[in-house]
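Following: one structure in structure tokens, then a few remarks.
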Amino acid sequence: MVIFYLFVLISINHFLFIRYYPIYGLHVIDKKEIEINNHFAIDIRDYNEAYKDPVYPGINIPIAYLKRYYSEIPNNDLVVVASNCMERNVGVRILRKKGFKVIGYTIPSQKKIVNEKQISTESYC
């Protein structure tokens, strides 16, 4: 019985790690910078969100379909476009597991705060 509880505890910890533990080494890349520097973007947001605010150059493969359609992604340096931090973490881990090099991410729905001397981005990640 103790082994069963230990297995359940390890499984829950693994699930929480994949979703919520942040990925270090990724840089925040602005949406305009993606277009200017010609980075290839993989948009893992849902189709309903992605068509309202498209990112070029890139393709939209929602995170639920990422394991199935990863073969359509070119083998370039990628920038992940996600709707929140949890989606970013899961998407980057899937892409890295499949052998892609992810150089950064952007979350277009983050709010910009403009102060007198600085511009900062609210981040809940």
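Counting in this note's numbering, the sequence shown runs from 1 upward without gaps.
The beta-carbon is built from N, C-alpha and C at its ideal position, and this holds for glycine as well.
Practice item. Could you check the C-alpha separation between K52 and Y21 for me, to the nearest Å? Key: 29 Å
Practice item. Check the DSSP bridge columns for K97 and list the partner residues they point to. Key: Per DSSP, none; premise fails for K97.
Exercise for review: Pull up the DSSP beta-bridge partners for N60, would you.
Suggested key: Partner(s): D43.
Exercise for review: Identify the continuous beta strand (DSSP E) that holds V80 and give its terminal residues.
Suggested key: 77-81
Practice item. Just tell me which of L66, Y5, V8, E72 has its CA closest to the CA of V92. Key: L66
Point to revise | Close Cβ partners of D46 (< 6 Å) along its chain, the five nearest in sequence each way excluded | key: P62
Check your understanding: For the region 98-107 against the region 64-79, are there 3 or more C-beta pairs whose distance is under 8 Å?
Key -> yes
Review point. How many angstroms separate the CA atom of S11 from the CA atom of K32?
Key: 40 Å
Practice item. Taking only the alpha-carbon atoms, compute the straight-line gap between I59 and S83 and give it to the nearest angstrom. Key: 15 Å
**Study point:** Extent of the continuous alpha helix (DSSP H) run through L6
**Key:** In the DSSP assignment, L6 falls within the alpha helix (DSSP H) that extends over 2-20.
Practice item. Look at the alpha carbon of Y56 and the alpha carbon of I34, and state the distance between them as a whole number of angstroms. Key: If you take the alpha carbons of Y56 and I34, they lie about 7 Å apart.
Review point. If you measure from the CB of I63, is any heavy atom of the ligand ADP nearer than 7 Å?
Key: Summarising the ligand content, the structure contains no ligands, and the ligand ADP is consequently not present.
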